[in-house]
Amino acid sequence: MHAQTTDSTTKEKNIEEVVLIGYGKQKKEDLTGSIASISSKDFNGGSTSADQLIQGKAPGVTITGNGGNPGSGSTIRIRGGASLTALNDPLIVIDGIPMDFRGISGAANALALINPNDIESFDILKDASASAIYGNRASNGVILITTKKGSAGKLKINFSTTASVSTKMGNMDVLTADEFRKYVIDHATQQKYIDMLGTANTNWQDQIYQTAWGTDNNVAISGGIKGLPYRLSLGYNEQNGLVKTNEFRRTSVGINLTPKFFDNHLSVTANVKGSMTENRFPTGGVIGAAQFFDPTQQVYDYSAQGDQVHNYWEWWLPTGTYNTNATSNPLGMLYSKRDVSTVFRGIGSLQLDYKFHFLPDLHWNVNGGYDYQKGTGAVTEYAGYRSTINTLGSRKDYSEEKTNKLFETYLNYVKDIDAIDTKIDLMAGHSYQKFNYKIPGAMTYHGDSSYDDPEIPRDKEENLVLLSFYGRAIFTIANKYILTGSVRRDGTSRFYNGTDNTDNMWGTFYAASGAWKIKEENFLKSSSVVSDLKLRAGWGETGQQEVGGWYNSFPAYNLSNATAQYGFGDSYYYMYRPNQYNPNLVWETTQTINAGLDFGFLNNRISGSIDWFKKKTSDLLGDVAVPAGEFSNHNIKNIGNMETDGIEFLLNLVPVKSENLTWDLSFNVAHYNPKITNFNEVAAGYIMETGGISGGVGNKVQANVVGYTPNSFWVYQQVYDNSGNPLDGVYVDRNGDGKINKDDKYLYKSTTPDATFGFSTKLKYKNWDLSTSLRAVLGNYVYNNFASQSNVQSIATNDYLMNLSSVTAAYGFKTPQYWSDAFVEDASFIRMDNLSLGYNFGEVFTKGSNLRVYGMAQNVFVITDYSGVDPEIFGNIDNGFYQRPKIYSIGLNVQF
Amino acid sequence: MFNFNNLRKMKNFRINRISIAAVVLGLSLTLGSCIDDLRQEPVTDITSASIYKDFGNYKNLLAKLYGGVAVGGQEGGDGNGDIADIDGGFSNYMRLLYTLQEITTDEAVIGWNDGTLQEFHKMIWSPANEFNNAMYYRLYTEIAFCNEFIKNTTDEMLSQNGISGTNAEEAKTMRAEARFLRAQAYYNLLDLYGNVPFVDETTFGTLPQQIKRADLFNYVESELMAASEGLKAPKSNEYGRADQAAAWSLLARLYLNAKVYTGTDRNADVITYCNKVIGAGYTLNPSYENLFLADNNVNNPENILSVVYDGEHTQTNGGTTYMVHAAIGGTMNPSNFGVNGGWGGLRTTKSFVQKFEANDLRGRFYTDGQTLEINDLGNFNDGYAFIKYKNVTSTGTPGVHDNWVSADMPLYRLADIYLMYAEAVLRGGGGDMATAVGYINALRARAHASTISVINLDFILDERSREMSWEMTRRTDLIRFGKFTSSEYLWPWKGNVKEGTAVPEYRNLFPIPNNDLVVNPNLVQNPGY
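Here you go:
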């Protein structure tokens, strides 16, 4: 934790920077691993979600928002992740409690449930020598989050409020009504499709989007009562989404008590955070429906037929029934459904740190935590819409409960031994964590009760237990040479196979690292030019077991639902199916080597670091095809090996630092290069298809192949005519055998970019401040699935008309050509994430108070060649993506 | 106010010793129980170790073996599917069998563009075809479920699990039914793929070896023989469960095609087994139409074994739900068929239409707004619609649910036995010609078609098409007669040519999917692919 954390907005203090390293802390200057530390002064302003706070701040840490719907969270990757199909998410530890990776039904992402205003700092452990101490879930890095604490002394109150307006970035390029009319008349294969054209001019995408408003309010009170420091915070955030009917509200409360007893021998940190998040989700698929709906049709239909579906215009068949194969009216989709959820989350932790009276160098730390989440929701489909013509409406009430219990204890001994000018820091501990979730069976009731299941579905419950033992030693010699070693032994219940052979449940992970504080050497110690120079190197192993379900290795049977029974005689019987399982699963292990140099010049007016790393992952866990004859055609197995190497660079500059004017800049860049090196038990040249797309049945457009980057696009090479237009179905015959088939496909680009950049700067002149941050991704390629779905068949199939992407309408393909590399577009981009201007009125109220007023814009601009709306899509397949809003806000922050 | 400092000074030494002792004790207690806590067993699902100990579970286990043929997964609408990479309804056993056995022939065409579906009627499929892949894995998943049941119901296992007395007897009958279902799945593999990987309850867990078609024939034959010893006598088992007559019917079908599978005729055996079935007392249903209605599970003396569906309890997008919905489109009124809508997919070719006399009740075509000629396979109006199944009872009441169809799907019925008998006689298997002609005329009389006095092989092929239309045997029949791939018989869009053209002979077998070839190096692809 950072010493003396407060809610100060202006004053900087000379703090000895201390960084969390997992079960302990170290001075930043003494770190041997690759750790990025970001504190509240560097956070991105205007973040409504914790993950947005550090976007673009640390090299090698990419945070990609999952979409524009508020509360949808982000996908975080540290150095690209280390796994193939197992989880690639880093471990998130909040105030010492490791979180469950999975979300909860009704909430898109776990981090979105924490109020970002309560967060003090992030410490990101990037390489294995740093994260190995978290062994069993740390293969993809660890993010340690510390929340704000109170401080003894005078009562401080901090209040902030923001009001914002969000607008959309743009619409996908589709044909206008007139262009579509012309296209149908020119290309239709049958007259009946031309007859279906309407006379209206409707922009369906404009119909579903709205200008949304939002507000964010926070109050924090901190101080100390008779030696008991406390902090109490309350927050309320309300944000409507760009798509109509999409709403989000979060109320959060946090209490933090940090008393000390026994003459500071016993430090207690008691933390309770609670949040209640309410969400209304827009109907799924509505964005795709708006993109593809026929623009020549009107929105409303007041005929007798239209009366059946709340007067939204829909596609009907000559017989008078609605066309089941056709697209649905997007507005009708939005208003026909109410999908709401409430998630309550409470995280409580109690940490005791006891400094032994007889041996003050020995600390005993006990940490207990309890994370409880309850999600409840209801999905209501109203009667009298296209979707409910047969069912006459429906309602499903559902809930889910998750708990995460943690008990940890460790002993830590720190001693300066002057005789050998060495400081030793020894630690040994044990941790136990149990996860549980319960999903009661939820029944959907229909207006036409014959659609109801005959019985209420069964309840579902699962448990997962993680256990570990760990130890670490740090030696700091002459305050110049630092050596660290750690070992961790982890067990997981996930691989328990019911037998007494429990070896595969356990894994042992080692790490060692060193640092040389070159600055402390005599030849540099008094230098005024070089203010910091440190060389670091480390090696470590981490484990991964987050794949599939919680009982992958255990043979068990699953009972079917009430509507999947089989009849014998006059009775119906539920069916017992043997589950697919693998009793031989073992931990996936990643070994990382990291070397880095931290530097600082001219009293740290120029500072930064450069890191090089190499990761090797073995026993990759993946869900893959298996030989016919097993309980299913796929299973979770240890499938192979992968390697990644990369480089990261961070530079901080403070060009101007004076009484009235300060200006600082920060720049970072990262590049990494993953490759699959081996697949077990399959023929050479095995192509593991991945990256599902919309269109067709089970079609995939990416592949994992040995010797190539994971998730590369596996496509045909398009042939163009002399004017640059692609020829329908004509591809390069790459193997020269005279046929065009999958042997002519090749691996083109991938989801891994060439480089990612982050840039931020802050300018302060007297009471004014101006700051901005930008991110860029070079070599970002996205498969435009929206464009690839459009072709002549859109106006010649299943008795309805579907609009086309402007791009592919020009191509004129007769049938879908999903695998043409013409659809893999260069989506490299530069994005300005935020721009803010503020004025600080100074001590307006009492002494020591201040008031700051600011205006801010987020998602200011994006510069890209990509033909779609937003080039930043996790997974790099653009299909009905909910675009990120541009947000304009004004706010004030007052402290007294 | 509580004074912490005083407390510390007073109890300094005792706290230290006590605290150390407490720490050690506490840690050792928690550690011991913690490590055991790693042995977590599933909470909701039931473990394999315990499931076979309770006889109450056996019928539910058996239900999955039959259910694997009927539905795609563990939830209504094929949710929680048994196989991956293909969505529920498309992975249904009967729907896939229809795609491979019917859409590839003169009897059916389909209008949808899902994936590589169009490759079937055009006869241009490749080893990458996802429906071919799904059929293959569906058959093997069914075999795997059967293997597991068979392995756990041996006499040894039954006594080990404490199952005895009448329960044990019933368990043995169930075991015979499992062997029948497994043999049926292997029969489909034999017929569709020929040379396939082999796995039974003893080889389970090892990498399968490839078995040659002739050897697989012998295996299916021996399994059906063994099963018929354990199966209940004809018509004495519950509705929906296999009995000896089912095993005999499949044996008859197996022997009828023996020349294709092994190179040697077995027509005499066809006669033997047809006679066994006929001798068990089955009679024709007086109404052809009733065979395919929502209440075809009652008053149906012709039925030997069907796949059982119910609108409330057995809901799937394959099976008869598919057969009814997919065949409705254009101006057809779905409520006449007892359902809420049509999917506008299936029609038929003129080659099929032209086989029927005007009076023949089996030739029910919907022609309003439909053309006889097919110019565009994707357009529902091209080609006559064909009426086979309806979600309506024999008294006109719609089925219990307007989306999920309640009609059962016959796998083996007496009419098929009659036709096989007649064909075996014509092929020199013995039997009696007059009896054969009598059987054919019985079928024709029921259908209000004219009586005939003489039969020949070509006539039998056509009569099979008229009687057994859309019942999953057409491709097998055409291959047996040498007309599936050759130029002897052309139908619209055969070989992707409007008037039809011959296709290479290797297409008499489907290819082994690429997915299995890459993970099982023991396998060799069928020739031509």
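Sequences listed follow chains E and D, in order.
Residues in the first sequence are numbered from 1 upward in steps of one, following my numbering.
Residues in the second sequence are numbered from 1 upward in steps of one, following my numbering.
Cβ coordinates follow ideal geometry from the N, Cα and C atoms, glycine included.
All of these numbers come straight from a predicted model, not from anything done at the bench.
Requested in this report: Return the first residue and the last residue of the beta strand (DSSP E) that leucine 851 (chain E) is part of.
Outcome: 850-864 is the span of the beta strand (DSSP E), which, as asked, contains leucine 851 (chain E).
Mind listing the chain D neighbours of alanine 683 (chain E)? Cutoff is C-beta to C-beta under 7 angstroms, in chain order. Correct list: Val518, Pro521.
Complete beta strand (DSSP E) runs within the segment 685-771 of chain E (minimum length 3 residues, chain order): Fully contained in the segment 685-771 of chain E are the following beta strand (DSSP E) runs of length 3 or more, in chain order: 688-692, 700-704, 712-715, 718-720, 726-731, 746-750, 755-765.
Straight-line gap, asparagine 240 (chain E) to tyrosine 888 (chain E) (C-alpha atoms, nearest Å):
Going by the C-alpha atoms only, they are around 14 angstroms apart.
> What do you get for leucine 661 (chain E), buried or exposed, if any count of 16 or more other CB atoms within 10 angstroms of its CB means buried?
Replying inline: Exposed is the call here.
task = Compare the C-beta of glutamine 244 (chain D) with all C-beta atoms of chain E and state if any pair is closer than 8 angstroms.
result = Under the 8 angstroms criterion on CB atoms, glutamine 244 (chain D) is classed as non-interfacial with respect to chain E.
At least three beta-carbon pairs within less than 8 angstroms, the segment 205-225 of chain E to the segment 166-173 of chain E:
Per the Cβ contact rule, the segment 205-225 of chain E is in contact with the segment 166-173 of chain E (3 or more Cβ pairs under 8 angstroms).
### Query
So, does the CB of asparagine 3 (chain D) fall closer than 8 angstroms to a CB anywhere in chain E?
At asparagine 3 (chain D) the pLDDT is 49, less than 50, meaning the model places this residue with poor confidence; the figure from the coordinates comes in the next sentence. Taking Cβ atoms only, chain E never reaches closer than 8 angstroms to asparagine 3 (chain D), which makes this a no.
Here's the rule I'm using: 16 or more other beta-carbon atoms within 10 Å means buried, otherwise exposed. How should tyrosine 506 (chain D) be labelled?
Exposed, because fewer than 16 other Cβ atoms sit within 10 Å of the Cβ of tyrosine 506 (chain D).
Checklist entry - What does tyrosine 366 (chain D) reach in chain E if we use C-beta pairs closer than 9 angstroms? => result Those within 9 angstroms of tyrosine 366 (chain D) in chain E number zero; the least Cβ separation is about 12 angstroms.
Discussion item. My assumption, with CB atoms under 8 angstroms, is that leucine 97 (chain D) sits in contact with asparagine 188 (chain D). Please give the rounded CB distance.
Written reply: Taking a contact as a CB-CB distance under 8 angstroms, the pair leucine 97 (chain D) and asparagine 188 (chain D) counts as one, their CB atoms being some 7 angstroms apart.
Query raised in the report: Per DSSP, what kind of secondary structure is glycine 106 (chain E) in: helix, strand or coil?
Result: Because glycine 106 (chain E) carries a pLDDT of 49, less than 50, the predicted location of this residue cannot be relied on, and no value is offered for it.
Contact set between aspartate 87 (chain D) and chain E, taken where Cβ atoms lie within less than 9 angstroms: Near aspartate 87 (chain D) (Cβ distances below 9 angstroms), the residues of chain E are Val697, Gly698.
- Message: Quick check on the DSSP output: what are the complete beta strand (DSSP E) runs of length 3 or more inside the segment 565-589 of chain E, in order along the chain?
- Response: You should have 565-568, 571-574, 576-578.
Review point. Quick one, are the C-beta atoms of phenylalanine 380 (chain D) and glycine 338 (chain D) less than 8 angstroms apart?
Key: No, these two residues do not count as a Cβ contact at 8 angstroms.
Taking 8 angstroms as the CB-CB limit, is glycine 288 (chain E) close to chain D?
-> Closer than 8 angstroms to the CB of glycine 288 (chain E) there is not a single CB belonging to chain D.
Checklist entry - Quick one: Cα of methionine 172 (chain E) to Cα of phenylalanine 248 (chain E), how far? => result Here the alpha carbon of methionine 172 (chain E) sits roughly 25 angstroms from the alpha carbon of phenylalanine 248 (chain E).
Give a yes or no on whether the C-beta atoms belonging to leucine 372 (chain D) and isoleucine 110 (chain D) are separated by under 8 angstroms. Cβ distance not < 8 angstroms, so leucine 372 (chain D) and isoleucine 110 (chain D) don't count as in contact.
Practice problem: Kindly give me the distance between the Cβ atoms of serine 139 (chain E) and glutamine 544 (chain E), rounded to whole angstroms, as I take these residues to be in contact under 8 angstroms. | Solution: Sure, about 4 angstroms apart at Cβ, within 8 angstroms.
Worksheet item: By Cβ distance, which residues of its chain are closer than 6 angstroms to proline 70 (chain E), with the 5 residues on each side in sequence left out?
Response: Answer for proline 70 (chain E): Gln239, Gly241, Phe248, listed in chain order.
- Message: Within 8 angstroms of any Cβ in chain D, is that where the Cβ of leucine 467 (chain E) sits?
- Response: Closer than 8 angstroms to the CB of leucine 467 (chain E) there is at least one CB belonging to chain D.
| said: Please confirm whether proline 59 (chain E) has its beta-carbon closer than 8 angstroms to some beta-carbon of chain D. | reply: By this cut-off, proline 59 (chain E) is not an interface position.
What is the DSSP secondary structure of threonine 397 (chain D), counted as helix, strand or coil? In the three-state reduction of the DSSP assignment, threonine 397 (chain D) falls in the coil class.
Can you list the residues of chain D that threonine 176 (chain E) reaches, using a CB-CB cut of under 7 angstroms?
For threonine 176 (chain E), there are no neighbours in chain D by C-beta distance under 7 angstroms, as the nearest C-beta there is about 26 angstroms away.
### Query
Leaving out the 5 sequence neighbours to the left and right, which residues in its chain are closer than 6 angstroms to glutamate 643 (chain E) when beta-carbon positions are compared?
Apart from sequence neighbours up to five positions away, the residues of its chain that approach glutamate 643 (chain E) with a beta-carbon distance below 6 angstroms are Lys616, Lys675, Thr677, ordered along the chain.
Discussion item. Counting only beta-carbon separations shorter than 8 angstroms, does histidine 187 (chain E) have a partner in chain D?
Written reply: So, not an interface residue.
Quick check on arginine 734 (chain E): buried or exposed, where buried means 16 or more other Cβ atoms within 10 Å of its Cβ? Exposed is the call here.
CB of valine 715 (chain E) within 8 angstroms of CB of leucine 727 (chain E), strictly: Not closer than 8 angstroms, so no.
Output the distance between the C-alpha atoms of tyrosine 686 (chain E) and proline 513 (chain D), rounded to the nearest integer angstrom.
Near 14 angstroms, if we compare the C-alpha coordinates of proline 513 (chain D) and tyrosine 686 (chain E).
Quiz prompt | alpha helix (DSSP H) segment containing glutamate 169 (chain D), residue limits | solution = Per DSSP, glutamate 169 (chain D) is one residue of the alpha helix (DSSP H) stretching across 165-192.
Just verifying my parser: in three-state terms, what is the DSSP assignment at glutamine 52 (chain E)? Helix, per DSSP.
request  = Could you list which residues in chain D have their beta carbon closer than 8 angstroms to that of alanine 493 (chain E), in chain order?
outcome  = Rather than alanine, the amino acid found at residue 493 (chain E) in this sequence is serine. Within chain D, the residues near serine 493 (chain E) are Asp37, Leu38, Arg39, Gln40.
Could you tell me whether the Cβ of tyrosine 239 (chain D) comes closer than 8 angstroms to any Cβ of chain E?
Residue-level contact by beta carbon holds for tyrosine 239 (chain D) and chain E, with a gap shorter than 8 angstroms.
- prompt: So, using beta-carbon positions, are lysine 390 (chain D) and leucine 293 (chain D) closer together than 8 angstroms?
  reply: Against a cut-off of 8 angstroms, the Cβ pair of leucine 293 (chain D) and lysine 390 (chain D) comes out as a contact.
For tryptophan 768 (chain E), count the other beta carbons within 10 Å of its own beta carbon; 16 or more makes it buried, fewer makes it exposed. Which is it? Exposed, by the Cβ-count rule.
Check: Taking the Cβ atom as the reference point for each residue, do aspartate 611 (chain E) and asparagine 584 (chain E) lie within a distance shorter than 8 angstroms?
Finding: Not a contact, by the Cβ cut-off of 8 angstroms.
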